[in-house]
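**Q**
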Amino acid sequence: MKRILFGASAAALLLATPGLAQSNAEVMRQLQAMQAQIEALKAEVDSAKAEAAAARTQSAAAETKVTAATAEGGALVSGGKTGVRVSLSGQVNRGVLFTDDGDSTDAFFVDNDNSSTRIRILGEADYDENTTIGTNIEVQFESNSTADVNQNSKRNVGNDNFTQRKLELYVDNKQLGRLTLGQGDTASNGTSEQDLSGTTVIGYSGVTDFAGGLFVRDSNTNALTGLKINDVTSNLDGLSRDDRIRYDTPKFSGFSLATSAVADDRYDVALFYGDRLGDVEVRGAVSYASASASGTANAFDIVNGSVSALHVPSGVSATFAAGTRDTDNQDNDTSFYYGKLGYQTNFFDFGKTAISADLYYGEEFVTADDETFSVGLQLVQNIKKVGAELYGGFRLYDYDDSATDYETLYGVMVGARVKF
9 MKRILFGASA
19 AALLLATPGL
29 AQSNAEVMRQ
39 LQAMQAQIEA
49 LKAEVDSAKA
59 EAAAARTQSA
69 AAETKVTAAT
79 AEGGALVSGG
89 KTGVRVSLSG
99 QVNRGVLFTD
109 DGDSTDAFFV
119 DNDNSSTRIR
129 ILGEADYDEN
139 TTIGTNIEVQ
149 FESNSTADVN
159 QNSKRNVGND
169 NFTQRKLELY
179 VDNKQLGRLT
189 LGQGDTASNG
199 TSEQDLSGTT
209 VIGYSGVTDF
219 AGGLFVRDSN
229 TNALTGLKIN
239 DVTSNLDGLS
249 RDDRIRYDTP
259 KFSGFSLATS
269 AVADDRYDVA
279 LFYGDRLGDV
289 EVRGAVSYAS
299 ASASGTANAF
309 DIVNGSVSAL
319 HVPSGVSATF
329 AAGTRDTDNQ
339 DNDTSFYYGK
349 LGYQTNFFDF
359 GKTAISADLY
369 YGEEFVTADD
379 ETFSVGLQLV
389 QNIKKVGAEL
399 YGGFRLYDYD
409 DSATDYETLY
419 GVMVGARVKF
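One gets my numbering by counting positions in the sequence shown from 1 and adding 8 to each.
(1) In whole angstroms, what separates the C-alpha of residue 94 from that of residue 178?
(2) Any idea what DSSP makes of residue 431, helix, strand or coil?
(3) Between which residues of its own chain and residue 193 is the CB-CB distance below 6 Å, once the five residues before and five after are set aside?
(4) What do you reckon, are the CB atoms on residue 126 and residue 423 nearer than 8 Å?
(5) Starting from the C-beta of residue 235, find all residues in its chain whose C-beta is less than 6 Å away, skip the five residues before and the five after it, and write them out in chain order.
(6) Taking one C-beta from the segment 310-317 and one from the segment 292-300 each time, how about it: are there three or more such pairs within less than 8 Å?
(7) When you compare each of 282, 110, 220 to residue 228 by their alpha carbons, which one comes out closest?
(8) Name, in chain order, the residues that DSSP records as bridge partners for residue 170.
(9) Given a cut-off of 8 Å, decide if residue 318 and residue 204 are closer than it, judged by their beta-carbon atoms.
(10) Using 10 angstroms around the beta-carbon of residue 413, count the other beta-carbons present and answer buried if the total reaches 16, otherwise exposed.
(11) How many angstroms separate the CA atom of residue 409 from the CA atom of residue 264?
(12) Within its chain, find whatever has a CB closer than 6 Å to the CB of residue 217; leave out the 5 residues flanking it on each side and keep chain order.
(13) Return the CA-CA distance between residue 253 and residue 232, expressed in angstroms with no decimal places.
(14) Label residue 83 either buried or exposed according to how many other C-beta atoms from any shown protein chain fall within 10 Å of its C-beta, with 16 as the threshold for buried.
(15) Report all residues from its chain with a CB closer than 8 Å to the CB of residue 92; omit the five preceding and five following residues, and keep chain order.
(16) Three-state secondary structure (DSSP) at residue 112?
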């Protein structure tokens, strides 16, 4: 600004002094040049102000976004490496279990073992447009699990810490399939559990999970036996989860194959199917699992499978599962059969309602002549906006063998699962 004032003063002096060499035309040219410089400087100042205002607006918008995410309970997760996608998710599943074992009634505040409380961290990065490399860390924390509570231990039961579910890494290629290494699902895990009823949070082929820790009562002596529900029921779901190497093929017309190998000469192979055929959605699986290490006591082979179909327009579903286990050094061949009918509809705007009823029959779990019978009823109300399911269920267990008469055990559970 001082330069501008100095220039203007000099110009006036030149105009007022005829003895100077410069002409009036030259003075006017210099004044016009200075005016152009002033206008250019003003334009630069205006541009700088506009950029500063835009930066302030962008910063405020980002701050609002972060605040909104925090207020809504969202987790802001980022990977330690550029290009890696990290996601945090999980669920809490708590309920109240009421039981009647033929002599005493009890109430337990439980973690529902049908779908335990858990947390998972997934990490993924794209090697190229066809190949993804990923990791999966999933652990559960079950306080007073329905698999552990019983008539003698009603609280502070089970592991008071996180326990592993999945600790694995994988390479997934669209053309070649997926190779997975670490703790996680064997190929046969889940093959007895294909279920489209929408009620698996409170009841499915694994009827043990509803109240597996409870003891069966002798009806003659009225005393609790050493047998628990989880001793006399199972859905023979392959090799479960383990430290393994697993390979899954890509899907072909809805079909895929999987195989895995575990230490101690354990291995399995499974065939999966999933597709929609017109108005009917279908899920199915069948597997063979072997744990027949030479010289190992109680080595076994399992053949099992399940299929479920949902008629989408009507909401009616049907599910069937079965399996058999041939165990070395035993005369009995354990087997089970499971059936379920379900119905889903939108009674309410806030989420789907699902109801179902199931039957379970198992034999030769403990002795060569024992039988287990179970009946269940399930009701699940989804609240989609908050990722919640409210549920209630009933289950009856009846176990018999040729040596002892046992009381029928009844259970009712109500609770909620909230996913995040």
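All C-beta atoms in this analysis are idealised placements derived from N, C-alpha and C, irrespective of residue type, glycine included.
**A** Answer, in terms of the structure:
(1) 15 Å
(2) Residue 431 is absent from the structure shown; the chain starts at 9 and stops at 428.
(3) Within its own chain, the residues whose Cβ lies closer than 6 Å to the Cβ of residue 193, once the five positions on either side in sequence are excluded, are 249, listed in chain order.
(4) no
(5) 224
(6) yes
(7) Ranking 282, 110, 220 by Cα distance to residue 228 puts 110 first.
(8) Partner(s): none; residue 170 has no beta bridge.
(9) yes
(10) Exposed is the call here.
(11) So the alpha carbons of these two residues sit roughly 41 Å apart.
(12) 121, 122
(13) 42 Å
(14) Here residue 83 scores only 47 on pLDDT, less than 50, and its place in the model should not be relied on; the value that follows carries that caveat. Classification of residue 83: exposed, given that the 10 Å Cβ count is below 16.
(15) 131, 132, 133
(16) coil
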